[in-house]
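Per this note's numbering, residue 1216 is the first one in the sequence shown, and the count goes up by one each step.
A short write-up of the structure that comes next.
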Amino acid sequence: MNQTALAPPDPVVHRAVSKTSWRLLPFLFILYIIAYLDRINVSFAALTMNQDLGLDQTAYGFGAGIFFLGYVLFEVPSNLILSRVGPRRWIARIMVSWGLVTMALAFSQGHKSFVVLRFLLGAAEAGFFPGIILYLTYWFPLSYRARAVALFMTATPIAGLVGSPVSGWIMQMHGMLGHAGWQWLFLLEGLPAVLLGVFVFFRLPDGPEHARWLTGDEKSALEEVLASERQDVAARHLSGLRQGLASPTVWLLGFVYFASVLAMYGLVMWLPQIVSGVTGGGTLSVGLYVMIAYFFAAAGMVVIGASSDRFCERRWHMLGSMGLCMAGMLVLCLSNGLAGILTGASLAAMGIWGILGPFWGLATGYLTGTAAAAGIALINSLGNVGGFAGPYLMGWVKANTGNFSEGFAYLAGLMVLGCVPLFILRRGPDKG
């Protein structure tokens, strides 16, 4: 698709998208904050949970990462079901399921139960993120999509920014009513997913035709431009189930996402323990330090996503973000003190999260129809294999070398490989 196709639509469409942004994105943002917190709160729980459950570094890394294997196995089927039954019902089911499993983690008895529940958590949450990405394609034309995805996905660094001190504070409830701090962490951070899942079932509209905030003219104009873009994508790129699963383009994009997600979780699942090891501080102070990296992640994500839409360009924005990530990883390789670790983590986080808006703007520009449901889920599944590999790799390196430096070097090298498909995909939705 050329850049003309990415030009801003007419004023009625712009007004419809503006209203939709204000109505949907803040709510979806909150949902993703809850999802991401329940995914990564194990990194804070580990500060005391590992000793209570008898987990060594490799066992913790395996348990933290196996979430993503459960996620991968059920992700494509989940998105196909969502496209059939509608976002409202299926997203509500996903949220209630993962909230209950998160709360069940509070009652882990050892290594086996911890691993099983982390796997079940991944299976329960499978389909949430790709489902929301698919859902956004029902509402946002291509010229708005990278910004919408970036604003939605800013929830992940904001979850870290807000959740780090909150998780540290909850951990200080150790001993209350006979429960450890990490048990309170899982109980209190799992409950909101259950409550919000019920709310989603009753209030989330399945598409523009059900939006009470849009006028008839706005619904018609928005649906017309979205239908036109789907036809264009179907003619130029991918629209069928088989195409979505078998296309080399989807697999190349999946490898880019694999490298990015591997770097993300290789960093975030261990950062609280790395900071704690340097500072020797309590859980609250560790949370406050970790906030710094998430602040830069949020800033990078918003600025890079907006710039990508402004210039109608995806590829070079992604490559620049990947360069930032590699620079941060190299700083982490060479740093032993707190200042160096926070500098490296902040640069890496800014790059990792900066990739996401342009990436999904590029990927969804190749896909429509059933190919979008299957292709988006497959890309995210491949990425989440990286979510398993990253924490496990870092745990293995720490167990065998006594430090994380070599692990960060591996992450930087894999990010270099992740750049390669972007040079193979010479032409696409933006000619970037």
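Beta carbons are placed, not taken as given, at the ideal position from N, Cα and C, and that holds for glycine.
How long is the line joining the alpha carbons of residue i and residue j, rounded to whole angstroms?
i                  : j               : result
leucine 1335       : tyrosine 1607   : 18 Å
alanine 1408       : leucine 1402    : 11 Å
alanine 1627       : lysine 1234     : 41 Å
phenylalanine 1322 : proline 1487    : 22 Å
lysine 1434        : alanine 1426    : 8 Å
phenylalanine 1511 : valine 1483     : 13 Å
glycine 1393       : tryptophan 1428 : 48 Å
threonine 1558     : arginine 1445   : 43 Å
alanine 1260       : glycine 1602    : 18 Å
phenylalanine 1638 : methionine 1479 : 22 Å
histidine 1452     : proline 1420    : At histidine 1452, the pLDDT of 48 sits below 50, so the modelled position is not reliable; the number obtained from the coordinates is stated separately. Straight-line Cα distance between these residues: approximately 28 Å.
glycine 1647       : arginine 1529   : In this predicted model, glycine 1647 has a pLDDT of only 41, less than 50, meaning its place in the structure is not dependable enough to derive any value.
threonine 1371     : valine 1381     : 15 Å
valine 1330        : alanine 1604    : 15 Å
alanine 1578       : valine 1465     : 8 Å
methionine 1630    : aspartate 1432  : 46 Å
glycine 1475       : glycine 1390    : Reading off the sequence, residue 1475 comes out as serine, not glycine. If I take the Cα positions, the gap works out to 38 Å.
arginine 1418      : arginine 1238   : 12 Å
alanine 1560       : tyrosine 1509   : 9 Å
tyrosine 1625      : proline 1423    : 45 Å
phenylalanine 1619 : glycine 1325    : 25 Å
phenylalanine 1343 : alanine 1279    : 19 Å
leucine 1640       : tryptophan 1354 : 27 Å
alanine 1395       : leucine 1270    : 16 Å
methionine 1318    : leucine 1262    : 18 Å
leucine 1295       : valine 1364     : 20 Å
tyrosine 1247      : valine 1257     : 17 Å
tryptophan 1305    : leucine 1499    : 36 Å
serine 1462        : glycine 1469    : 11 Å
lysine 1613        : glutamine 1272  : 7 Å
Would residue i and residue j qualify as a contact pair, given that the criterion is a beta-carbon distance under 8 Å?
i                  : j                  : result
glutamate 1404     : aspartate 1267     : no
leucine 1243       : isoleucine 1347    : yes
methionine 1386    : leucine 1400       : yes
glycine 1314       : leucine 1406       : yes
glycine 1572       : methionine 1368    : yes
phenylalanine 1416 : leucine 1597       : no
alanine 1623       : valine 1471        : The sequence shown places phenylalanine at residue 1623, rather than the alanine named in the question. No. Outside cutoff.
leucine 1547       : alanine 1563       : yes
valine 1413        : alanine 1307       : yes
valine 1519        : serine 1536        : It is isoleucine, not valine, that sits at residue 1519 in the sequence shown. It is a contact, given that the beta carbons lie within the stated cut-off.
valine 1227        : proline 1356       : no
serine 1379        : glycine 1580       : no
alanine 1250       : arginine 1362      : no
leucine 1599       : valine 1287        : A small correction: the amino acid at residue 1599 is asparagine; leucine does not occupy that position in the sequence shown. Contact: yes.
arginine 1333      : phenylalanine 1289 : no
valine 1316        : alanine 1339       : yes
proline 1345       : asparagine 1595    : yes
glycine 1569       : glycine 1515       : yes
leucine 1240       : leucine 1366       : yes
alanine 1589       : valine 1291        : yes
On the premise that residue j lies in contact with residue i, defined as a C-beta separation below 8 Å, what is that separation, rounded to the nearest angstrom?
i               : j               : result
valine 1169     : valine 1490     : Residue 1169 falls outside the range modelled here, since the chain spans only 1216 to 1647, and no answer is possible.
leucine 1411    : proline 1636    : Actually they do not touch by this definition, with Cβ atoms about 36 Å apart.
alanine 1592    : serine 1236     : In fact, because the Cβ distance is near 24 Å, the residues do not count as touching under 8 Å.
lysine 1609     : tryptophan 1485 : One point to set straight first is that residue 1609 is methionine, not lysine, in the sequence displayed. Going by Cβ atoms, the distance from methionine 1609 to tryptophan 1485 rounds to 5 Å, so yes, they are a contact pair.
aspartate 1225  : serine 1358     : That belief does not hold up - the Cβ atoms of aspartate 1225 and serine 1358 are roughly 11 Å apart, past 8 Å.
arginine 1360   : leucine 1349    : Not quite, the Cβ-Cβ distance comes to about 12 Å (not below 8 Å), so this is no contact.
methionine 1264 : tryptophan 1397 : 4 Å
glycine 1566    : cysteine 1540   : 3 Å
leucine 1297    : glycine 1337    : The pair is not a contact, with the Cβ atoms about 17 Å apart (cut-off 8 Å).
glycine 1301    : tryptophan 1611 : Rounded, the Cβ-Cβ distance is 42 Å, inconsistent with contact.
The alpha helix (DSSP H) with residue i in it runs from where to where?
i                  : result
cysteine 1540      : 1530–1549
asparagine 1265    : 1257–1268
histidine 1326     : 1326–1340
phenylalanine 1401 : 1396–1418
arginine 1427      : Where arginine 1427 is concerned, there is no enclosing alpha helix (DSSP H), given that its DSSP letter is neither H nor E.
tyrosine 1286      : 1272–1300
threonine 1369     : Neither: threonine 1369 is in no alpha helix (DSSP H) and is coded neither H nor E.
alanine 1521       : 1498–1525
proline 1636       : 1620–1639
proline 1356       : Proline 1356 -> no alpha helix (DSSP H), and no H or E assigned at all.
tyrosine 1480      : 1463–1483
leucine 1557       : 1553–1579
serine 1491        : 1486–1494
Does the ligand GTP have a heavy atom nearer than 7 Å to the CB of residue i?
i           : result
valine 1364 : By its list of ligands, the structure shown contains no ligand whatsoever, and the ligand GTP lies outside what it can speak to.
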